[in-house]
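**Q**
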């Protein structure tokens, strides 16, 4: 276990009752939903600190929108929706690689947006041509960027803080100035 309470490898699971494997405690079948794991909350707190009410967030293995593509994760009203037949879902995002954790952080930005702007904010403001690409602008706060740009900026800050390189980033310190949530580690 790391000092921050997360594990370096898979969570220990008691694997034998009558020789059968026991699914992880937070296993979520297709069509179901679950709360965030303790590890996911700890992971999100490193970025968002106290800016999110983690107890209100659920992860759902069902589509939010009937035509939601398999490869798309959505978080339009403060909950993460994974396509039930997609491959993006996992039982604990704190236990996977940095790229998948980046997806989780990106979607948690949408949770933060919903919790700070209202349940219908993303539904009314998110349109098909929202831009994900961005360039940092001197003097701009995070909220001046578009909805998806905010999520990408925070995800990239998370990557940089965890030692990853992000294409086009010359000054990682600019992200530390821009992405500052109260109580974040």
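In my numbering, the protein residues as written are 95 to 279. Each residue gets a CB set at the ideal place from its N, CA and C atoms; glycine is no exception.
1) Per DSSP, what are the beta-bridge partners of residue 127 in this structure?
2) Output needed for residue 226: all residues of its chain with C-beta closer than 7 Å, excluding positions within five of it in sequence on either side, in chain order.
3) For residue 169 versus residue 141, is the C-beta spacing smaller than 7 Å?
4) Locate the alpha helix (DSSP H) running through residue 200, then write down its first and last residues.
5) Would residue 254 be called buried (16 or more neighbouring beta carbons within 10 Å of its own) or exposed?
6) Closer than 7 Å by C-beta to residue 64: which residues in its own chain qualify, once you throw out the five before and the five after it? Chain order, please.
7) Applying the 10 Å Cβ sphere with the 16-neighbour rule, what's the burial state of residue 151?
8) Are the segment 120–130 and the segment 255–266 in contact at 8 Å, needing three or more beta carbon pairs?
9) Label residue 186 either buried or exposed according to how many other C-beta atoms from any shown protein chain fall within 10 Å of its C-beta, with 16 as the threshold for buried.
10) Quick one, which of 240, 181 and 274 has its alpha-carbon nearest residue 223's?
11) How should residue 154 be labelled, buried or exposed, when 16 other C-beta atoms within 10 angstroms of its C-beta is the threshold for buried?
12) So what does residue 176 bridge to, in DSSP terms?
13) Judging by CA-CA distance, which residue of 156, 273, 199 and 252 is the nearest neighbour of residue 179?
14) Assign residue 139 to one of three DSSP states: helix, strand, or coil.
15) Take residue 194 and list the residues in its own chain whose beta-carbon comes closer than 7 Å to its own, dropping the five residues that flank it on each side.
16) Using a Cβ-Cβ cutoff of less than 7 Å, which residues in the same chain neighbour residue 266 once the five nearest sequence positions on both sides are dropped?
17) Restricting to Cα atoms, I'd like to know which of 181, 209 and 163 is closest to residue 148.
18) Here's the rule I'm using: 16 or more other beta-carbon atoms within 10 Å means buried, otherwise exposed. How should residue 218 be labelled?
**A** Reading it off the structure:
1) 154
2) 242, 243 and 246
3) no
4) 192–211
5) Residue 254 comes out buried.
6) A question about residue 64 goes unanswered here, because the residues of the chain that appear run from 95 up to 279.
7) buried
8) no
9) buried
10) 240
11) buried
12) In DSSP, residue 176 forms a bridge with 167.
13) 156
14) DSSP, reduced to helix, strand and coil, places residue 139 within a helical segment of the structure shown.
15) 184 and 187
16) 254
17) Nearest of 181, 209 and 163 to residue 148, Cα basis: 209.
18) Residue 218 should be labelled exposed.
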